[in-house]
Amino acid sequence: MDRSLTKLTKIEAVCFVVIIAVNHIILNQPHKVLSSIGSSSLLNTIYVSLIALIYVIVILKLFRNFFHSDIIDISEFVAGAPLKIAVGLLVLFYLILTVATSLRNFSDILYLTYYRFNHVIFILSFFLLLASISNFFGESAILKTNVIITLIVFISLGLNFALSIGNMIPQKIFPLLGFGFTNTFISGLTNLTAFNGLYLLYFIFPFLSEPKDYRKISFISVGITSALLFVSTACLLLSLPYNISDNTTAPIFTLIAHSRFSVFFQHSESLYVFTWILTMISYLNISILIAIRCLKKITKSSTGKVFIFPVSILIFIISCILQNQIRVQQFEDFLYQYCAPILFLFFPVILSIANKKYKKAKMLNNDTT
Amino acid sequence: MRQKWKEVMQYIYHSLFDEPLHQIDDFHLEEISDSSKNVSEGNSNSSWKTQSADFLENDKQQIYSVTSLNLEYMKSIYNSMINSDIEVREFLLNARNRQYHAFIMYIDGMVNNTLLNQHILKPLMLKNMANSYNGSQNQVISEVVSNNITVRKVKKFNISEYILSCLLPQNSVKKVSYFHEIIEGINAGNCALFVDSINIAFCIEAKGFEQRSLEKPNNEMVVRGEQVAFTENLRTNTSLLRRYVNNENLIIENMNVGTLSKTPCAVCYLKNVTNDDLVAEVKYRINNLKIDYIISSGTLEQLIQDNNNISLPQMISTERPDKAVNYLFEGRVIIIVNGSPFVLVAPGILSDFLSSPEDLNVKHQYANLFRGLRYIAVFLTLALPGIYMAITNFHQELIPTELLFAIVASRESVPFPIFFELLVMEMAFELIREASIRVPNPVGPTLGIVGALILGQAAVQASIVSPILIIIVSVTAICSFTIPDISLSIHVRIIRFVYLILGAIGGFLGLAITLTFHLIVLFSMKSFGVSYVEPQIYPSTFGKGLFLSPLWKQEKRSPYLKTKRPLEEDKISMNWKFSKGDTHGS
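Residue numbers (my numbering), protein chains in the order written: chain A, 14 to 382; chain B, 1351 to 1936.
Written as structure tokens, this is what we have:
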């Protein structure tokens, strides 16, 4: 166990996991759910939430022998340095690609809504410069700032829900099975990508100041992510007409733009955008932080500061390669439909092997004594 | 060759220490060559060490037993030929009917002349029954006679003991053996007494310089609360603390800072409350200052705080004894610097700089209302110009339509962009604020009127700025005055320009980036090992951080201080109300 690492309290750990889910929800997740399933979206969110919960229970069970270790350490335990490097690079690859696509997607939304006279690269560099500098201030500062930002975003999303209640038409949940049973329960499984942030559960152990809180943190994170997904999907499904929610680039933004805060303040959407920018910054900071930890482990480097700028530049380059929103969507689909499942299934396999090896070693130990 | 070498050394010494060339003599040459060697080796600290070695060498000199030598030495040390306020009074000291050459030395204006004449010179010089007694020089302690042989146990006459116990009716007299000790005493306002035939000197407490009496606080005023402020005198300040604390566990440790100034400082803490590590850290930092002089607590603050690159204050500075004592009881350490009416409190966290001394004297509801207002004021001071900039440039949809029309109409005749307008007005306001501090009192109101006219009416009439902008700048200015701590206020004033510029460049994106960066900086900061912001978001500090709970509910000391006494109240502090034996309530 690395003693030099920053330790997380319970609330910090939950926010650490949830911020990624929040980002996906703000960007496009509820829209994806809605467009693929239709009126059965709420049912689907409950369904995928239950599956995510079962997945977390499985992870908890598999991790029971490996307190204080993350998936990279466990890979090393299973097959030594080659697997450790392979897993580390896989995580790094996935992380950088997801961050780059999310950043590009969000920057494009900002560009289209507010900064048409600027180039999108200007927005991208704004984000990445801050994320790089922030990482020089240390992990602790980033993780604590994340708590504040997550709370601000929760409040803004709650307010959004409260404002939308007046416009909601409950009858829109019918037909209950939307585009059909298969779409809702079989192909609808792709909506598990909303729980993408749960991959952090494989890394969070060494971060925790109290490892016994792991179980609570996992369940709370799944609970919050499910609630956020449900609320956001409900807002979109019940408030906006289907043709609007299906044809806009940022449906939640459109939803807020249609909400009336009061007669005096008619359009408060830019305030929400402000909170989303905060979320994106925090997401970027945390992603770079994890990438640096991975790189530190792979290279066995004592300091991670040397990796900050290379990682940021890599994210920047990939963001620039994705030229427009359509490319981003295509790439995201590829990433979440093919890469994410591999990652989420591959890790439990490693854990299972590790458990078997651990049991064997334990038995051998008992025999010798 | 030697001359040339000396010239080179003189040049190096001059360039290193920025001193006139003529001060170099042969005596210094060896040390200078050492120092230049050290500097060339890249040891920047060594030059300071070599420079200070000169003083340390003098410090080691022991006092001679011959008065004339002592006199010569002291005169040369104090340059008495050119120093007008160094007084030396030579006289004959009468003791046991014998006379000794003696002299006293003091700094005119720093000693009490009546005390000097009546209680030092008079008993030493005048003959009286006590010092004229011509008894046996050696005091017989016991006497035994056996076989016609008398064995006497005698105590030898000791002139220094005799002077100390019989001739100096003073409450504070110290015997010292080294010159540096007696010099320190003279510099502090004491009187030095040298007597022939003994190799010690007496440092006699005779301070009597003019000093300010206790006055009302000028910068931290309250409606309800004590109306006393610290003064420039260290002892007066420590006595104020003693009066308030009224407990034997209050420790006041003295230490001197500065090789040249040897400024007396006091580290104060409650022995049974304050965390030992905190005390040790404060003392360690003060004791490890390699500096020639400090002149105020502000200087010391900069030298011992954790991070000097960030403009946020990291130690509390207060002129109010009640506020200082409150922190003392909480488990913090107070540092007093002689000559400064502001004491320092360590550690200091963000909410401390936003709390007013008034908060302690009023009910928690009032205090929380005021605190809430202050937090809003800080936010507005920081972000209002930036928000205005961002909304008018990027997010106009946030402005209600009627107001938007009003703003557009008011800006019709203004030729400048909003950013320029705002920047000019903010700069103008900062200039007026700076000028108002410097101007003499009678001119003050005039400046206010001129400022108001120029900033307000004239600027609008001349179409340099729009009326709405005057409101923005005025609200920002008023809000900045509500911040209780001057250092935090200055920090906020500086950072608001960053918010303004980034708001102008990127709208809410710029503001969000600035806010996040500001938060990260805040969270990365520490003051004496305590996180600067974190304690305020701990659930355990609710009621003692950002907002106050009722006094009876503030049972625990702040957990981040890790004090020796975690509780400051009983579970039921208002025992009169809930005691079982109480029959009044029933």
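Glycine residues also receive a C-beta, built at the ideal position from the N, C-alpha and C atoms.
Just so you know, these numbers come straight off a predicted model, no measurement behind them.
Check, Outcome
"Min CB distance residue 161 of chain A to chain B below 8 Å", "yes"
"Interface partners of residue 138 of chain A on chain B, CB under 9 Å", "The premise fails here: residue 138 of chain A is roughly 11 Å from chain B at the closest Cβ pair, so nothing lies under 9 Å."
"Secondary structure of residue 1694 of chain B, DSSP reduced to three states", "strand"
"Under the three-state DSSP convention, the category residue 185 of chain A falls into", "helix"
"Residues of its chain near residue 1706 of chain B, where Cβ-Cβ distance is below 6 Å and the 5 sequence neighbours each way are ignored", "1834"
"Expected contact under 8 Å - CB spacing of residue 280 of chain A and residue 1747 of chain B to nearest Å", "4 Å"
"Beta bridge counterpart(s) of residue 1475 of chain B as assigned by DSSP", "DSSP output for residue 1475 of chain B lists no bridge partner at all."
"Chain A contacts from the segment 1737-1760 of chain B (Cβ-Cβ distance under 7 Å)", "1744, 1745, 1747, 1748 and 1750"
"Limits of the beta strand (DSSP E) - the one that residue 1542 of chain B falls within", "1541-1545"
"Three-state secondary structure (DSSP) of residue 206 of chain A", "helix"
"When A/371, A/380 and A/178 are compared against residue 271 of chain A, the one with the closest alpha-carbon", "A/178"
"Check whether residue 141 of chain A and residue 325 of chain A have beta carbons under 8 Å apart", "yes"
"Selection of the segment 1869-1881 of chain B by Cβ proximity to chain A, strictly under 9 Å", "1869, 1870, 1871, 1872, 1873, 1874, 1875 and 1881"
"Segment contact flag, the segment 28-35 of chain A with the segment 205-218 of chain A, C-beta cutoff 8 Å, min 3 pairs", "yes"
"Residue 1858 of chain B at chain A interface by Cβ criterion, 8 Å", "yes"
"Partners in chain B for residue 92 of chain A, counting only beta-carbon separations shorter than 8 Å", "Within chain B, no residue comes near residue 92 of chain A; the closest Cβ sits about 38 Å away, beyond 8 Å."
"Spatial distance of residue 1454 of chain B from residue 1845 of chain B (CA atoms)", "57 Å"
"Option in A/253, A/336 and A/360 with minimal Cα separation from residue 113 of chain A", "A/336"
"Three-state class that DSSP yields for residue 1419 of chain B in the structure shown", "helix"
"Distance CB(residue 1777 of chain B)-CB(residue 1854 of chain B) smaller than 8 Å", "no"
"Member of B/1468, B/1626, B/1662 and B/1689 whose CA lies at the smallest distance from the CA of residue 1562 of chain B", "B/1689"
"Where residue 154 of chain A meets chain B, residues with beta-carbon distance less than 7 Å", "1870, 1873 and 1874"
"Three CB pairs or more closer than 8 Å across the segment 1660-1672 of chain B and the segment 1690-1698 of chain B", "yes"
"Residue 1677 of chain B, enclosing beta strand (DSSP E) - first and last residue", "Careful: residue 1677 of chain B lies outside any beta strand (DSSP E), inside the alpha helix (DSSP H) at 1671-1680."
"Residues that residue 1687 of chain B bridges to, as DSSP identifies them", "B/1615"
"Straight-line gap, residue 1920 of chain B to residue 1914 of chain B (C-alpha atoms, nearest Å)", "16 Å"
"Chain A within 8 Å of residue 1919 of chain B, Cβ atoms only", "no"
"Residue nearest to residue 1611 of chain B in terms of C-alpha spacing, selected from B/1759, B/1627, B/1645 and B/1621", "B/1645"
"Per-residue DSSP class, three states only, for residue 1938 of chain B", "As displayed, chain B neither begins before 1351 nor continues past 1936, which places residue 1938 of chain B out of reach and without an answer."
"Per DSSP, the bridge partner or partners of residue 1620 of chain B", "B/1600"
"DSSP-derived helix/strand/coil call for residue 297 of chain A", "helix"
"Reference residue 1724 of chain B, options B/1791, B/1896 and B/1769, closest by Cα", "B/1896"
"Residue 289 of chain A burial status per 10 Å Cβ neighbour count (16 or more: buried)", "buried"
"Test: residue 318 of chain A CB closer than 8 Å to a CB of chain B", "no"
"Contacts that residue 290 of chain A makes with chain B (C-beta to C-beta distance below 7 Å)", "1858, 1859 and 1862"
"Reduced DSSP category for residue 1565 of chain B - H, G, I as helix; E, B as strand; rest coil", "coil"
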